[in-house]
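Taking the working numbering, the leading residue of the sequence shown gets 4, the next gets one more, and so forth. Glycine included, every Cβ here is placed at the ideal spot set by N, Cα and C. All of these numbers come straight from a predicted model, not from anything done at the bench. What follows is a set of notes on a single structure, which appears directly below.
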Amino acid sequence: MTGPDPVTASSTLAASSTVTVDLPPADPAVEVDPVVDVDPVVDVDPVAEPVPDRAAPDREPPQLDLTALPSGVRGAVEAILMVVEEPIGETALASALAVPVGEVKGVLIDLAADYDREGRGFELRQVAGGWRVYSRPEYAAVVERFMLDGQTARLTQAALETLAIVAYRQPVSRARVSAVRGVNVDGVMRTLVTRGLVEEASTDAETGAILYRTTSHFLERMGLQSVDELPALAPFLPEVDALDDLGAVS
Numbered sequence: 004m005t006g007p008d009p010v011t012a013s014s015t016l017a018a019s020s021t022v023t024v025d026l027p028p029a030d031p032a033v034e035v036d037p038v039v040d041v042d043p044v045v046d047v048d049p050v051a052e053p054v055p056d057r058a059a060p061d062r063e064p065p066q067l068d069l070t071a072l073p074s075g076v077r078g079a080v081e082a083i084l085m086v087v088e089e090p091i092g093e094t095a096l097a098s099a100l101a102v103p104v105g106e107v108k109g110v111l112i113d114l115a116a117d118y119d120r121e122g123r124g125f126e127l128r129q130v131a132g133g134w135r136v137y138s139r140p141e142y143a144a145v146v147e148r149f150m151l152d153g154q155t156a157r158l159t160q161a162a163l164e165t166l167a168i169v170a171y172r173q174p175v176s177r178a179r180v181s182a183v184r185g186v187n188v189d190g191v192m193r194t195l196v197t198r199g200l201v202e203e204a205s206t207d208a209e210t211g212a213i214l215y216r217t218t219s220h221f222l223e224r225m226g227l228q229s230v231d232e233l234p235a236l237a238p239f240l241p242e243v244d245a246l247d248d249l250g251a252v253s
């Protein structure tokens, strides 16, 4: 059986994204998790009286008169897009502004087209089931210079390989990923979880092993709506049955 080529997988995954994330370098043999879990210290006051719950006062949301705004619904949508920290869906926008979803969708499409036509330094993308404003790839060097001041923020090769295997074979256990890579990946997996790129999905019914999958943050970073949009990579990674055999060997 031809062995998997996680380097090819990671190269394909890296080529699909213009956004990079800094991870600490890993030992080539055993990748050690740089994140150290520390039990929090909780101060308990033995004589403190319990504070009764206080019901929050009922407060009506402010009434919106979008017609009184300079740019109406369009300007209101833009204002929200400038402050969201993750892609926001059309339904959520419509609910916040109390307007039909169809109207919001039309505004979003028009805004995206206008930004493209005007050649702005940013663009409106539809990713991970929502919409968000991003700087254009053409200005990546400018943004990187400002944000990083020369510091690297690229994923290590080990992290890329591990992330690629999870992306293409999810949900997958650490044992399977380790078998494909040929090294212990516990440290890198913990780091990917900490970075919000990978999360626990479920538990294997037979072995009880925790299965991992990529997150919506991963999709956002990759500029994808779903993992179905990942480049085809079937020839380079073994099938699920082969992974089961590898996991059993490990």
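Any idea which residues DSSP pairs Gly199 with across the strands? Answer is none; Gly199 lacks a bridge partner.
Three-state secondary structure (DSSP) at Glu121? Helix at Glu121.
Residues that Thr206 bridges to, as DSSP identifies them: Bridge partners of Thr206: Ile213.
Among Val183, Leu214, Phe221, which one has its Cα closest to the Cα of Gly199? If we check each option's Cα against that of Gly199, Phe221 comes out closest.
Going by Cα to Cα distance, which pick from Arg135, Gln129, Glu223, Pro140 is closest to Gly122? Pro140
Euclidean distance between Cα positions of Asp68 and Asp207: 52 Å
Opening and closing residue of the alpha helix (DSSP H) in which Tyr137 lies: Not the alpha helix (DSSP H): Tyr137 falls in the beta strand (DSSP E), residues 133-138.
Could you check the C-alpha separation between Arg128 and Ala115 for me, to the nearest Å? 7 Å
I'd like the list of long-range same chain contacts for Val188, defined as Cβ closer than 7 Å, with 5 residues on each side in sequence excluded. Glu34, Thr165, Arg177, Val180, Ser181, listed in sequence order.
Is the Cβ-Cβ distance between Gly133 and Pro90 less than 7 Å? yes
Decide if Glu223 is buried, meaning its Cβ has at least 16 other Cβ atoms within 10 Å, or exposed. buried
Best match in Ala167, Val196, Pro174, Thr197 for proximity to Arg184 [C-alpha to C-alpha]: Considering only alpha carbons, the answer is Ala167.
For a test of the three-state rule: what should DSSP assign to Glu89, helix, strand or coil? Of the three classes helix, strand and coil, the one that applies to Glu89 here is coil, per DSSP.
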